[in-house]
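Quick notes on the structure that follows.
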Amino acid sequence: MNIEQFREYCLSKKYVSESFPFDDQALVFKVADKMFALTALNRKPSQVNLKCDPERALELREEYSDIFAGYHMSKKHWNTLILEGNLTNKLILELIDHSYNLVVKGMTKKKQKELGFL
């Protein structure tokens, strides 16, 4: 998967916006103002940070050499994935969905209801 495919998929999800809150290279994707994905546009090969359930994060790091502890993020809750490595597109899409869903679940019930997730 390339960075443009990653970007398009993230933006296809409900209530997602993209911005550069840190600098002109760190592209952040948020669902209703809560970050679920981050990529540094100047990194080669392309890498992305995704939120992940802590237990699953450890399992993924053990199983895949292209997944490691979140770069410049909470190592417990974030993984870094190499997009243009050996990970399948199916797995990358699944992990984007997982990150997005974790962030939505972390919202208040009121917020989830306002946005139509409940």
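The sequence shown lines up with residues 879 to 996 when you count with this note's numbering. By construction, the Cβ of each residue, glycine as well, lies at the ideal position given by its N, Cα and C atoms. Note that this is a predicted model, so its numbers are computed, not measured.
For residue i, name the three-state secondary structure that DSSP assigns.
i, result
"Phe-900", "coil"
"Leu-973", "helix"
"Lys-983", "helix"
"Phe-907", "strand"
"Lys-988", "helix"
"Leu-889", "helix"
"Phe-884", "helix"
Could you say which of the options lies nearest to residue i if we only look at CA atoms?
i, options, result
"Ile-881", "Ser-897, Pro-899, Pro-923", "Pro-923"
"Ile-970", "Glu-940, Asp-902, Asp-944", "Asp-944"
"Glu-972", "Lys-987, Leu-993, Lys-989, Arg-934", "Arg-934"
"Ser-1005", "Val-981, Leu-905, Asp-975, Cys-930", "Within the shown structure, residues of the chain are numbered from 879 to 996, placing residue 1005 beyond reach of any answer."
"Ile-974", "Glu-940, Lys-988, Gln-925", "Gln-925"
"Met-879", "Leu-965, Leu-980, Met-985", "Leu-965"
Taking residue i and residue j to be in contact with their CB atoms under 8 Å, please state how far apart those CB atoms are, rounded to whole angstroms.
i, j, result
"Gln-903", "Leu-919", "5 Å"
Can you list the alpha helix (DSSP H) stretches of 4 or more residues lying completely in the segment 930-967, in chain order? 932-941
Would you say the segment 952-968 touches the segment 906-915, given that touching needs at least three Cβ pairs under 8 Å? no
Is it the case that the segment 883-894 contacts the segment 945-953, given that we only count it when at least three CB pairs across the two stretches are under 8 Å? no
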